[in-house]
Each structure stands twice: as structure tokens, then as C-alpha cells.
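Going by full-length UniProt numbering, the sequence shown wraps up at 95, each residue one higher than the last. Ideal placement from N, C-alpha and C gives every residue a C-beta, glycine not left out.
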Amino acid sequence: MSEKRPSLSIETLLSVQSSEVMCPNQTRCPGSSTCCKVEDGQYGCCPFAEAVCCGDGTHCCPKGHQCNLTEKVCEKEEQNDVVPMERKFPSTPSP
């Protein structure tokens, strides 16, 4: 008879939990992302670490960039670095 083992070890669960960001409303985002307010005042996740949350409640930019909401791009002033804005994605409720 084979021994039953959990599909995820305690160590795995702890490492997954520690790689998450807790948002102010107690929802979570992946560790490589940033919590940003969304249009309804709740929090969503931006796919960049230390991101800049744009004022439209929908988009975000990488660290060091500014949101250009008119052009829907992220700009870095000192360099002519322009990248597209990213859309925020939903955060997950805490258990």
C-alpha cells in the first residue's frame, strides 16, 4: 500500500505565500508585481515590480517611467524610452 502525500509541501506553500504582495485591501498579487488601485477603488495587480500606477485606474508603467495617458504609453524623460502601458489584472482574495 502506498503512502499518501500532500501534492504541495509546507515549504512549497510558504515559498508561494512569501512570493506574493499583500495589497492594502487584503487581496494579493504575484511577488513580481505591484498593487495598484483600479477604477472601482479596489486593488489590481500591475505586472511590473515597483510599478508606476497610472491615474486612469486601468494602466501602469515600469519603474522610472511616467504615464502618458493621452498617447497610452510609458515615457522615461531623460532617455527617449517609450514603452506601451500595461493593463492591470485582478488581485486574488486572501484565504
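For Phe48, three-class secondary structure by DSSP: The residue given as residue 48 occupies position 48 in the sequence shown. Looking at Phe48 - three-state DSSP - the assignment turns out to be coil, as it is neither helix nor strand.
Test item: CB-CB of Cys60 and Glu39 under 8 Å: Your numbering for residue 60 matches position 60 in the sequence shown. Your numbering for residue 39 matches position 39 in the sequence shown. No; because the gap between Cβ atoms is not below 8 Å, this pair is not in contact.
Backbone CA spacing between Thr34 and Gly57 [nearest angstrom]: Translated into the one-based positions of the sequence shown, residue 34 becomes position 34. Translated into the one-based positions of the sequence shown, residue 57 becomes position 57. When rounded, the distance between both Cα atoms is 13 Å.
Inter-stretch contact (C-beta, 8 Å, three-pair minimum) for the region 38-54 and the region 75-94: yes
Residue interval of the beta strand (DSSP E) (run including Pro30): For this step, residue 30 is matched to residue 30 along the sequence shown. Segment 27-30, the beta strand (DSSP E) holding Pro30.
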